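Numbering (my numbering), first residue to last: 15 to 247.
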């Protein structure tokens, strides 16, 4: 026995919140009758969404991809560019958990678990993402502290961050940056706010789950302990 929204989510319809919206809108029927929020169903229930029968609960996939530069984080691209889905051979509708820019590489999570995807991307959960980057020129201590305290991006101050200088000379600086927001081009714009240009950017961690052992364009399935860790963040 399952709540209807959980049953629909397990069948790949969407997150539980999205499924509740479908139920509230009257698009879901159980045994021929319009469904109600909180309704309980079992494996013998006849469930339809917009008139189409919902199939068996699907297998859930949890995937880590080392996204290369030169592809977009989307399922399909109208311009014909490569997408992250071109690198994953899984016959399921997958959600990308957050985004990486076209020229940004590194750790990208993919799953058909809509609840987990929603949890990991919701701003209120403040899940850390860590990046390594190379910028032009030297990053001064006052600039580093300014980025940690917050800078203005499009008129809105960023949340506190962690910025660590790994190595630098007069021409380049290599940094490790940890943020919990997910604003568009955020790391690049944070450096722009202190007058620096990002030459290379790679995400290496989500929380304590780190990218390792994968070449560019390779992926692997997360193990049970890694999935449990993400669910408990």
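Ideal Cβ placement from N, Cα and C applies to all residues, glycine included.
Computed from a predicted model, the values in this text were never measured in an experiment.
Of the listed residues the options, nearest to residue i (C-alpha basis)
i           : options               : result
residue 37  : 200, 53 and 245       : 53
residue 201 : 34, 174, 102 and 124  : 174
residue 134 : 51, 29 and 244        : 244
residue 112 : 28, 103 and 137       : 137
residue 87  : 28, 15 and 99         : 99
residue 74  : 23, 31 and 66         : 23
residue 229 : 238, 237, 216 and 163 : 216
residue 105 : 63, 72, 128 and 115   : 72
residue 226 : 59, 121, 25 and 165   : 121
residue 192 : 27, 146 and 171       : 146
residue 214 : 162, 148 and 242      : 148
residue 62  : 18, 126 and 92        : 18
residue 25  : 171, 131 and 127      : 127
Limits of the alpha helix (DSSP H) - the one that residue i falls within
i           : result
residue 201 : 200 to 207
residue 158 : 155 to 163
residue 32  : 30 to 38
residue 128 : 128 to 135
residue 20  : 18 to 24
residue 51  : Here residue 51 belongs to no alpha helix (DSSP H), and DSSP marks it neither H nor E.
residue 122 : Premise fails: residue 122 lies in the beta strand (DSSP E), 119 to 125, not in any alpha helix (DSSP H).
residue 241 : 238 to 245
Nonlocal neighbours in the same chain, by C-beta distance under 7 Å from residue i, ignoring five residues either side
i           : result
residue 203 : 167
residue 178 : 189 and 190
residue 240 : 223
residue 101 : 79, 231 and 233
residue 20  : 30
residue 40  : 48
residue 64  : 41
residue 90  : 97
residue 140 : 194
Counted within 10 angstroms of its Cβ, other Cβ atoms place residue i as buried (16 or more) or exposed
i           : result
residue 81  : buried
residue 150 : exposed
residue 159 : exposed
residue 50  : exposed
residue 185 : exposed
residue 144 : buried
residue 235 : exposed
residue 129 : buried
residue 84  : exposed
residue 116 : exposed
residue 210 : buried
residue 161 : buried
residue 157 : buried
residue 114 : buried
residue 68  : buried
residue 123 : buried
residue 35  : exposed
N- and C-terminal bounds of the beta strand (DSSP E) containing residue i
i           : result
residue 188 : 186 to 193
residue 80  : 76 to 81
residue 177 : 176 to 182
residue 44  : 42 to 44
residue 111 : 109 to 111
residue 88  : Where residue 88 is concerned, there is no enclosing beta strand (DSSP E), given that its DSSP letter is neither H nor E.
residue 98  : Here residue 98 belongs to no beta strand (DSSP E), and DSSP marks it neither H nor E.
residue 61  : 61 to 63
residue 234 : 233 to 235
Identity of the residues DSSP links to residue i by a beta bridge
i           : result
residue 148 : 188 and 214
residue 197 : Residue 197 is not bridged to any residue.
Beta-carbon contacts of residue i that lie in its chain and below 6 Å, excluding the five residues immediately before and after
i           : result
residue 182 : 152
residue 28  : 128
Contacts around residue i, its chain only, beta-carbon distance under 8 Å, and the 5 residues preceding and following it disregarded
i           : result
residue 56  : 15 and 16
residue 163 : 174
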